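Enquirer:
Residue numbers (this note's numbering), protein chains in the order written: chain A, 1 to 576; chain B, 1001 to 1331.
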């Protein structure tokens, strides 16, 4: 591609015609603010904050939508730019009803950051959205119209990343509003169902919202109350998902991909949790259960492809939108549910405590895990296994709120019977990780010998659809990994081509989950991903079935004849 | 002579308001890659006080349709969509008389409440594709990626009429003027394009005897001039509106403009959506903060996403400057 020079604030910069001025500037550490631009989404040009002056142009132009041209002279800080940009910021600020003191997003809020940076006078315009509704989606996600600044990134994330067309823009001008589809008709609930659109709770809208208008339905005060009112004979345990340990540091200013397991354990203990349990343990049991099912289906000519079920948004998608594919889903529960099930049985037994006296709090990268925890199909003895689910963001908010200086914390280890894991579990947080883990174990069982190959690099990376053919014994195993649910449409018409398909709704898998720190972009996701594969490569044991502690736990479940109830589940079509 | 050459020699400019050279647009569409090409004729005519497209549809129907067919043949377009103001449905039969199966010409009437923005060309494309009524990001320009992503030539109705005239060597460098307001002889007139506002008013016997001012280019976006500034040529869509000082109150006039833009704003960009709302809010207050008011106007001019938002500045600023300089308390 042709390269040429442009000038930004008199600095000569080499670029190509594919670059927007905004990208060129940011790559060169020249700050241009924006609220509606998101590198994961198409350019929109709505917010009017990335204004620049370009020599020869009468109007100010939007840096996000102007492509570089040879010889272009750009100024980012002229009086004219500053005046318009600050005025637009002030106008946006007046759209947003501040709820900062209780808002989970206040750590990451880009509007708040810009308002502080440019010293916006908040009192110039009266707030105009006091009457706006909040739309709640199950117990997972909500959109609070009174905080919305009309950037529309939520609509694009829903549609383009998750492939769901659940959100839409209703009304014109100042009356426009983000609403779930079906709300147009006055019979809201019914109409929404009839029209066949439903939220899958993935939270990509929340992850891409610059101002916290789309957000998780937080359970911070519930968890605080539980910790405060804990009885002496009670245990409150936290279980942490594979991907949270490489992302939560970002909320405290650490670089993306910084591994902070030890600090996180210390912080949770300081908050009052009695034990911290590793969902990686449950990831190893999930791998074993799922690999066994794959082999069973292949050997006994049962329906293939096998579809993964770790991602609750994906499960919800199938149950609602494509129930005819339910029969392909693995019956295995997800690592979150395996771990919780083991806490309430195996862990309770070993600690000699009644399961009713244990409260389980999940620390998850995900908003849909909140919904998963309440699924009727996942109960045990007619009770939910999990009491509360906090996202990475909520957990960070809780830590910050309690004035715990995270970065200064010493490391602690989990050190309990549900804390050991193999490298195969560590990579569950990355797209392709579940597949790679299951293949390591399935191949071992099928080949019945120690497998020299451990790394299946064809499963890794950021591509939206990863396909491979893996040789086993007498046949080939055709696999596909869908990275970002929208990409499922690429294979939906020919899934019979494959034997095994992994689907993660969020781009990058759980490291890009809807409950992860804001901002997100491909560099951040790659750094988190890399950190997970680092944990794996450094582990001595890298195959799930080598986790003797997990094997012991599974034997326990079998001996009690509760293995089926704790490890497996069912699915059903959800009404349209 | 080749039609494109004729168009170029006549220095034909678009009559939609922006005045883009016609032959440049054609060259872009002809050069653009894409198997299917489209011609879209813009007769949305959403600016108050402009009636020339209607006049052409009514009086020069055959010429208009001939122009369309000539262009369809020349640029080898697959189809023409005639996008018309909803009020022009009364000419539907008349137009269809000139459409036969040898050309693919479809008429689409804009919805009654589609408003001013519907005539903005990228918004029009969105409407025709069933999308939300608001402007698109440019580039890509319609000439490269317009209707359904195909190269699309978009012309105003008057431009098509002029192309027809050029094709049969009858183009006399005239244009259509819509004259309205407090005049004796309102209507649409065809006069030389280089006439001044004063001359047009003279020729049409519309020069008022009372103290008046003029808005030219449309009753929304047009510039305001006082009676000593009429040597200018008419801009934009070619409309001239006469206001008497006696019947027009400064405050009401500004309010009418702000309300029009507030109601027209599609909601896409901050300066227009929020700006027009705050301008309206300010006008409803007892004490006006004129400094802040004009800052919002400047902001619209400098940073709104499409031409609709920026066009509010001209009538307001020219009104304050040319018509009633006293009407600018402490600027």
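C-beta: ideal position from N, C-alpha, C; glycine also. Note that this is a predicted model, so its numbers are computed, not measured.
According to DSSP, is residue 1222 of chain B helix, strand or coil?
Expert: It is coil, neither helix nor strand.
Enquirer: Using a 10 Å radius around the Cβ and a threshold of 16 neighbouring Cβ atoms, would you call residue 1210 of chain B buried or exposed?
Expert: Exposed.
Enquirer: Any beta-carbon of chain A closer than 8 Å to the one on residue 1305 of chain B?
Expert: Closer than 8 Å: yes.
Enquirer: To test your reading of the DSSP string, which unbroken alpha helix (DSSP H) runs of 4 or more residues are found completely within the stretch 1041–1068 of chain B?
Expert: Here the runs fully enclosed are 1052–1059.
Enquirer: Could you give the first and the last residue of the continuous beta strand (DSSP E) run that contains residue 66 of chain A?
Expert: Segment: none, residue 66 of chain A is in no beta strand (DSSP E) and carries neither H nor E.
Enquirer: Indicate whether at least one CB of chain B lies closer than 8 Å to the CB of residue 176 of chain A.
Expert: Yes, its Cβ sits closer than 8 Å to a Cβ of chain B.
Enquirer: Quick check on the DSSP output: the alpha helix (DSSP H) that includes residue 321 of chain A runs from which residue to which?
Expert: Taken as a continuous stretch (DSSP letters only), the alpha helix (DSSP H) holding residue 321 of chain A covers 312–321.
Enquirer: Less than 8 Å between CB atoms is the rule here; does residue 150 of chain A satisfy it with respect to chain B?
Expert: Taking Cβ atoms only, chain B reaches closer than 8 Å to residue 150 of chain A, which makes this a yes.
Enquirer: If residue 201 of chain A and residue 241 of chain A are in contact, beta carbons under 8 Å, what's the gap, nearest whole angstrom?
Expert: Between residue 241 of chain A and residue 201 of chain A the Cβ distance is about 16 Å, and since that is not below 8 Å, they are no contact.
Enquirer: Can you check which of these residues, B/1094, B/1315, B/1290, is closest to residue 1217 of chain B by C-alpha distance?
Expert: The residue with the shortest Cα to Cα distance from residue 1217 of chain B is B/1315.
Enquirer: Which residues in the same chain have their Cβ closer than 6 Å to the Cβ of residue 73 of chain A, if we skip the five residues on either side of it in sequence?
Expert: 7, 55, listed in sequence order.
Enquirer: Let me make sure I understand the geometry here. Which of A/403, A/331, A/196 has the alpha-carbon closest to that of residue 567 of chain A?
Expert: Ranking A/403, A/331, A/196 by Cα distance to residue 567 of chain A puts A/331 first.
Enquirer: Taking one C-beta from the stretch 418–430 of chain A and one from the stretch 276–284 of chain A each time, how about it: are there three or more such pairs within less than 8 Å?
Expert: Touching, per the Cβ criterion.
Enquirer: In its own chain, which residues sit with a C-beta less than 8 Å from the C-beta of residue 152 of chain A, not counting the 5 before and 5 after it?
Expert: Around residue 152 of chain A: 36, 44, 46, 169, 178.
Enquirer: Exposed or buried, which one is residue 1313 of chain B when buried takes at least 16 other CB atoms within 10 Å?
Expert: It counts as buried.
Enquirer: Anyone know if the C-beta pair for residue 1081 of chain B and residue 1095 of chain B falls short of 8 Å?
Expert: No, these two residues do not count as a Cβ contact at 8 Å.
Enquirer: Which term fits residue 414 of chain A, buried or exposed, when burial requires 16 or more other beta carbons within 10 angstroms of its beta carbon?
Expert: With 16 or more Cβ atoms within 10 Å of its Cβ, residue 414 of chain A is classed as buried.
Enquirer: May I have the straight-line CA-CA distance separating residue 356 of chain A from residue 554 of chain A, to the nearest angstrom?
Expert: Distance between the alpha carbons of residue 356 of chain A and residue 554 of chain A: 21 Å.
Enquirer: Just how far apart, CA to CA, sit residue 485 of chain A and residue 85 of chain A?
Expert: Straight-line Cα distance between these residues: approximately 36 Å.
Enquirer: Whole angstroms are fine: how far does the CA of residue 105 of chain A sit from the CA of residue 296 of chain A?
Expert: If you take the alpha carbons of residue 296 of chain A and residue 105 of chain A, they lie about 45 Å apart.
Enquirer: Between residue 73 of chain A and chain B, is the shortest Cβ-Cβ distance under 8 Å, so that the two count as touching?
Expert: Chain B, which has no Cβ nearer than 8 Å to the Cβ of residue 73 of chain A, makes this no.
Enquirer: Can you name the residues of chain B whose CB is closer than 8 Å to the CB of residue 95 of chain A?
Expert: Under the 8 Å cutoff, chain B gives 1274.
Enquirer: Please tell me whether residue 169 of chain A has its Cβ less than 8 Å away from any Cβ of chain B.
Expert: Yes - at least one Cβ of chain B is within 8 Å of the one on residue 169 of chain A.
Enquirer: Determine whether the Cβ of residue 185 of chain A lies closer than 8 Å to any Cβ atom of chain B.
Expert: Here residue 185 of chain A scores only 44 on pLDDT, less than 50, and its place in the model should not be relied on; the value that follows carries that caveat. No, residue 185 of chain A does not count as interfacial toward chain B.
Enquirer: Do you know offhand how far residue 1084 of chain B's Cα is from residue 1156 of chain B's?
Expert: Spanning the two alpha carbons is a distance of roughly 10 Å.
Enquirer: What residues in the stretch 1240–1273 of chain B have a beta carbon less than 9 Å from any beta carbon of chain A?
Expert: Under the 9 Å Cβ criterion, the stretch 1240–1273 of chain B contributes 1262, 1263, 1264, 1265, 1266, 1267, 1268, 1269, 1270, 1271, 1272, 1273.
Enquirer: What is the DSSP secondary structure of residue 288 of chain A, reduced to helix, strand or coil?
Expert: In this structure, residue 288 of chain A counts as helix in the three-state DSSP scheme.
Enquirer: Leaving out five residues on either side along the sequence, give the residues of the same chain with a beta carbon under 8 Å from the beta carbon of residue 1267 of chain B.
Expert: Here the set comprises 1134, 1273.
Enquirer: Contact check, residue 1042 of chain B vs residue 1067 of chain B under 8 Å by CB: the rounded distance?
Expert: Not a contact, Cβ separation roughly 13 Å.
Enquirer: Taking Cβ-Cβ distances below 9 Å as the criterion, which residues of the stretch 1287–1312 of chain B are in contact with chain A?
Expert: If the cut-off is 9 Å between Cβ atoms, the stretch 1287–1312 of chain B has 1292, 1295, 1296, 1298, 1299, 1301, 1302, 1303, 1304, 1305, 1310 near chain A.
Enquirer: For residue 13 of chain A, list the residues DSSP reports as bridge partners.
Expert: Beta-bridge pairing links residue 13 of chain A to A/6.
Enquirer: So, does the CB of residue 15 of chain A fall closer than 8 Å to a CB anywhere in chain B?
Expert: With 8 Å as the cut-off, residue 15 of chain A does not count as an interface residue toward chain B.
Enquirer: Let me confirm a value: residue 5 of chain A is counted as buried when at least 16 other C-beta atoms fall within 10 Å, else exposed. Which label applies?
Expert: Result: exposed.
Enquirer: Looking only at its chain, what residues have a beta carbon closer than 8 Å to the beta carbon of residue 1007 of chain B, apart from the 5 residues adjacent to it on each side?
Expert: Here the set comprises 1022, 1023, 1026, 1163, 1166.
Enquirer: Which ranges does the beta strand (DSSP E) cover as unbroken runs of at least 3 residues, wholly within the stretch 235–271 of chain A, from first to last along the chain?
Expert: DSSP runs (the beta strand (DSSP E)) wholly in the stretch 235–271 of chain A: 235–240.
Enquirer: Are residue 363 of chain A and residue 235 of chain A close, meaning C-beta to C-beta below 8 Å?
Expert: No.
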